[in-house]
Amino acid sequence: MPYTVGYFIGSLSQNSINRTLSKALIRLAPESLTFEEIPIKDLPLYNRDFDADYPAEGRALKEAIERHDAVLFVTPEFNRDIPGALKNAIDWASRPWGTNSLNQKPSAIIGASPGKIGTAVAQQNLRGILAFCNSPQMSAPEAYIQFTPGLITEDGEVNDPSTEEFLRHFMEEFAQFVQRVLTVLPKG
Ligand SMILES: Cc1cc2nc3c(=O)[nH]c(=O)nc-3n(C[C@H](O)[C@H](O)[C@H](O)COP(=O)(O)O)c2cc1C
């Protein structure tokens, strides 16, 4: 400790509830964690023809992941999966072959939707992707947030005490998870 966390917002929307959720998570996180967003919106659609000469956007993404101790995914669910923009970013991060930036990088997943299952299906799919990328994932607690109007303010203040406590606990567990992983797998 302290650890730096690069976080991904799976939504490109200006009014993203997942971005709002990320503000709450940063507010509630223990002081041992610091945060920087890893932007995904300017990445072209990945294809392997880029591998021979990775463009600046792809290199910046990989460098951002590599300089952080851990990554946090805050993502919506689109048609029961993660948004294409986030999958595209992970594809960029995983290549060129042999330079997978997510390899051994501790990660956690959380997401919000207006619906009751709160991105559960997308998160399960993301777990499979991250497993293939060899990213050690925090498996518990899981966090499926139903985002009701007013739950979190634009500034990231949580209006519901039980949700606030749950999110604080999630971030404390994440800090401990990162410490455990990096104790046995020191950052390269
Ligand atoms: C293309 C599309 C697909 C969606 N599919 C789902 C879904 O499978 N499950 C769900 O809970 N919400 C779904 N929604 C609703 C989103 O949860 C909602 O738009 C949410 O605000 C998106 O997160 P964001 O505000 O961070 O962009 C979908 C929305 C869009 C635009």
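Each residue of the sequence shown is one higher than the one before, starting from 63 at the first, in the working numbering. Beta carbons are placed, not taken as given, at the ideal position from N, Cα and C, and that holds for glycine. All values reported here derive from a predicted model rather than from experimental measurement.
Just the Cα atoms here: how many angstroms apart are residue i and residue j?
i    : j    : result
I207 : S224 : 12 angstroms
N221 : A114 : 49 angstroms
S78  : G146 : 15 angstroms
A122 : P106 : 13 angstroms
D131 : N196 : 15 angstroms
Q166 : E226 : 30 angstroms
Q185 : F140 : 11 angstroms
Y108 : W159 : 13 angstroms
T181 : T82  : 15 angstroms
H231 : R110 : 40 angstroms
H249 : V183 : Per the sequence shown, residue 249 should be read as Lys rather than His. Those two C-alpha atoms are separated by around 30 angstroms.
P117 : I100 : 16 angstroms
I214 : A174 : 11 angstroms
P138 : N150 : 15 angstroms
T96  : Q238 : 14 angstroms
V246 : D217 : 36 angstroms
If you measure between the beta carbons of residue i and residue j, is that distance less than 7 angstroms?
i    : j    : result
M233 : A91  : yes
P168 : V67  : no
V136 : I179 : no
L134 : Y65  : no
K124 : A170 : no
P176 : F228 : no
I172 : A205 : yes
P203 : E235 : yes
Let me confirm a value: residue i is counted as buried when at least 16 other C-beta atoms fall within 10 Å, else exposed. Which label applies?
i    : result
D104 : exposed
P219 : Looking at the sequence itself, residue 219 is Glu, so the reference to Pro does not match. Label assigned to E219: exposed.
N80  : buried
A193 : exposed
L188 : buried
R262 : This structure cannot speak to residue 262, because the chain is shown only from 63 to 250.
G212 : exposed
R157 : buried
Y243 : One detail in the question is off: residue 243 reads as Val in this sequence, not Tyr. Under this definition V243 is a buried residue.
S73  : buried
With which residues is residue i paired in a DSSP beta bridge?
i    : result
Q238 : Q238 is not bridged to any residue.
Q199 : S169
Y65  : L95
L135 : Looking at the sequence provided, one finds Phe at residue 135 rather than Leu. Its beta-bridge partners are F70, I171.
D143 : F140
Q76  : Looking at the DSSP assignment, Q76 forms no beta bridge with any residue, so it has no partner.
V220 : I214
Between residue i and residue j, how many whole angstroms is the CB-CB distance? I'm expecting something under 8 angstroms.
i    : j    : result
S94  : M63  : 4 angstroms
S163 : I127 : 4 angstroms
L148 : I102 : 7 angstroms
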